[in-house]
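K.L.:
Residues -21 to -1, 1 to 139 in mature numbering (1 follows the signal peptide of the UniProt record, and there is no 0) are what the sequence shown spells out, letter by letter. Pasting a structure below so you can have a look.
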Amino acid sequence: MRSRKLAFVLALALCLGTAWAIAAKVMSVSVRDGQVRETPSFLGKIVGKATYGQSVDVLEEQGDWSKVTVSGGVAGWMHKTALTTGKLAMSGGSAAPGSVSGKEMALAGKGFSAEVEADYKRSHGGNFAAVDAMEQVSYTPAALLAFLSKGDVKPQGGGR
């Protein structure tokens, strides 16, 4: 009788452990426009987008990349720097503790913090035209691969 109870407890623990292990981890997108890619590489084809604060289910992790599913059924890879385990909330007016203002979102989207913005304003007179112009530049993954190949640079991660 005792061995049956022990076997039952072990079987139950195994089932619970397995269920926990295969359960998807939920994370939030921490960037303005999160790119979901076909392969775990910045050169992978973009198959979808996820917006700031949106929840994604993490199915697998490979190095600095997470395989995710986004609402709507889009599945692909996102870089770990675009994800956070915390819940994110946006503020529509006065900033509440832990929320993000619209100005902070705009700065973060350009890669700035308040300190970096202040320094940039001091040294460039507050002119963000060059930053705005850089945001408009884009290259196809094929063009980037050709550039890397010409310079004999080996991409890291899934872009090999």
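For every residue, glycine included, the Cβ atom is placed at its ideal position computed from N, Cα and C. These numbers were taken from a predicted model, which means no experiment stands behind them.
#1: Check this for me: beta carbons of S45 and V37, under 9 Å apart or not?
#2: If you draw a straight line from the alpha carbon of residue 143 to that of R16, how long is it in whole angstroms?
#3: Do three or more CB pairs link the stretch 20 to 34 to the stretch 119 to 132 at distances below 8 Å?
#4: From which residue to which residue does the alpha helix (DSSP H) around residue 148 run?
#5: Run through DSSP, which three-state label would D98 get?
#6: Among S7, E94 and D111, which one has its Cα closest to the Cα of V47?
#7: Grab me the residues of P120's own chain with a C-beta within less than 8 Å of its C-beta, minus the 5 sequence neighbours each way, in chain order.
#8: If contacts are defined as beta-carbon pairs under 8 Å, then V10 and Y31 qualify, I think. What distance do you get, rounded to the angstrom?
#9: With DSSP as the reference, label T64 as helix, strand or coil.
#10: Round the Cβ separation of A54 and G13 to the nearest angstrom and send it over; I've been treating them as touching at under 8 Å.
#11: Quick one: what does DSSP say K24 is sitting in, helix, strand or coil?
#12: Return the chain-ordered list of same chain residues with a C-beta closer than 6 Å to the C-beta of W56, the five sequence neighbours on each side being excluded.
P.N.:
Walking through what the data contain:
#1: In the sequence shown, the residue the question calls residue 45 occupies position 66. In the sequence shown, the residue the question calls residue 37 occupies position 58. In contact: S45 and V37 (Cβ atoms closer than 9 Å).
#2: Nothing can be reported for residue 143, as the shown portion of the chain is limited to -21 through 139.
#3: yes
#4: This structure gives no information on residue 148, because the portion of the chain shown stretches from -21 to 139.
#5: In the sequence shown, residue 98 corresponds to position 119, counting from 1. Looking at D98 - three-state DSSP - the assignment turns out to be helix.
#6: Numbered from its first residue, the sequence shown carries residue 47 at position 68. That would be S7, whose Cα lies nearest to the Cα of V47.
#7: Translated into positions along the sequence shown, residue 120 becomes position 141. So the qualifying residues of the chain are L22, G23 and K24.
#8: As a first step, residue 10 is located in the sequence shown; it is residue number 31 there, counting from the start. As a first step, residue 31 is located in the sequence shown; it is residue number 52 there, counting from the start. With 8 Å as the limit, V10 and Y31 qualify as a contact, their Cβ atoms being about 6 Å apart.
#9: In the sequence shown, the residue the question calls residue 64 occupies position 85. Three-state DSSP puts T64 in coil, outside helix and strand.
#10: As a first step, residue 54 must be located in the sequence shown, where it is residue number 75. As a first step, residue 13 must be located in the sequence shown, where it is residue number 34. With a Cβ gap of about 14 Å, A54 and G13 do not count as contacting.
#11: Counted from its first residue, the sequence shown places residue 24 at position 45. Reduced to three states, the DSSP call for K24 is coil.
#12: Position 77 of the sequence shown, counted from the first residue, corresponds to residue 56. Excluding residues within five positions, the ones whose Cβ falls inside 6 Å are R16, P19, W44 and K46.
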